[in-house]
Amino acid sequence: MLEQQLRAADPMRGKVLSLAFAEHVIKVCAEELTPEQQDLSRIYLSTAKALFSGEASMTALADASGAHAKIRITGSRLAEEILWVAVLAVSVCWQRDLVREGLSRGELKNLTVRTVAAEAQTVVRRCTGGPEALWQLTHVIETADRVDPQLMANLLDEVADAEALAADFARHVLEARPGERYFEAVLDDPGGLPLAVVASQAQHMLGEPEGRWQLIRLVETLAQRPEQHRSWQRRSARDQA
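Quick note: the sequence shown uses the numbering used here, first residue 250, plus one each step.
Next up, the structure:
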């Protein structure tokens, strides 16, 4: 599903996500880097980000890129792989501009946000064993302009324990609106209504942020169930075909 969401991202969105994915790798894998490596990587990525708002120049990025490229790597190869994710992310954003301005001679081919996402997942898996793809998908949902209703519908179809999730949705509404009888009734009988109906009513009451929260909760729930996660991946593969 992450692959599907990244394929649908427009070029600018893909660039912003690439930098966010790289920043997260630097944060999660910080123990594998020296303080200098961390600082230069953060400067490199923040300069690339600042270019979007005009708060940095292409020359400043070239300088940050040069400093990042000269980082001395000692010890395991993992540190080099962590730093490489930052290079990929910045290249997705600005490598053509750097080459055009004569500030870079090389150009990596066929780079997209999906390249950065996949490399970040590999590095974090080696570094901490953490589920980086889950973090990436959650970040994509959290920062999207709107919740994709079809994505919500597809995920609702994959849920095995609909009653437990209906109760979660009801409790979340009641935290914001104590005493709402509709959702108190859902808690009393979480299987009494289809999960999609409970979700829709919660969104109607609390607005768009509730749909985003529900979608993230769905993703987390499915990620905890390997057999459903495989089904989810098969559906994503069919969608991409």
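From the three backbone atoms N, C-alpha and C, an ideal C-beta is built for every residue, glycine too. Treat the numbers as computed from the prediction; the structure is a model and nothing was measured.
CB-CB length for residue i against residue j, believed under 8 Å
i, j, result
"LEU471", "LEU386", "In fact, because the Cβ distance is near 10 Å, the residues do not count as touching under 8 Å."
"ARG466", "ASP417", "6 Å"
"LEU268", "CYS342", "7 Å"
"THR280", "ALA328", "Thr is not the amino acid found at residue 280; the sequence shown has Glu there. Wrong, their Cβ atoms sit about 10 Å apart, outside the cutoff."
"VAL435", "ALA411", "With 8 Å as the limit, VAL435 and ALA411 do not qualify as a contact, their Cβ atoms being about 12 Å apart."
Burial state of residue i (16 or more Cβ within 10 Å)
i, result
"GLN344", "buried"
"ALA367", "buried"
"LYS264", "buried"
"MET261", "exposed"
"PRO439", "buried"
"GLY460", "buried"
"GLN399", "exposed"
"VAL348", "exposed"
"GLN473", "exposed"
"LYS358", "exposed"
"THR296", "buried"
"LYS298", "buried"
"SER340", "buried"
"SER353", "buried"
"GLU457", "exposed"
"ALA402", "exposed"
"ALA257", "exposed"
"ALA318", "exposed"
Beta-carbon proximity check, residue i vs residue j, cutoff 7 Å
i, j, result
"VAL274", "VAL372", "yes"
"VAL334", "ALA369", "yes"
"LEU289", "ALA271", "no"
"ALA445", "LEU404", "no"
"MET307", "GLU350", "yes"
"ILE320", "GLN286", "yes"
"VAL422", "ALA448", "no"
"ILE331", "CYS278", "yes"
"LEU464", "VAL408", "no"
"ALA338", "VAL365", "yes"
field: Segment contact, 8 Å Cβ cut-off, at least three pairs: the stretch 312–327 with the stretch 426–444
entry: No: fewer than three Cβ pairs fall under 8 Å.
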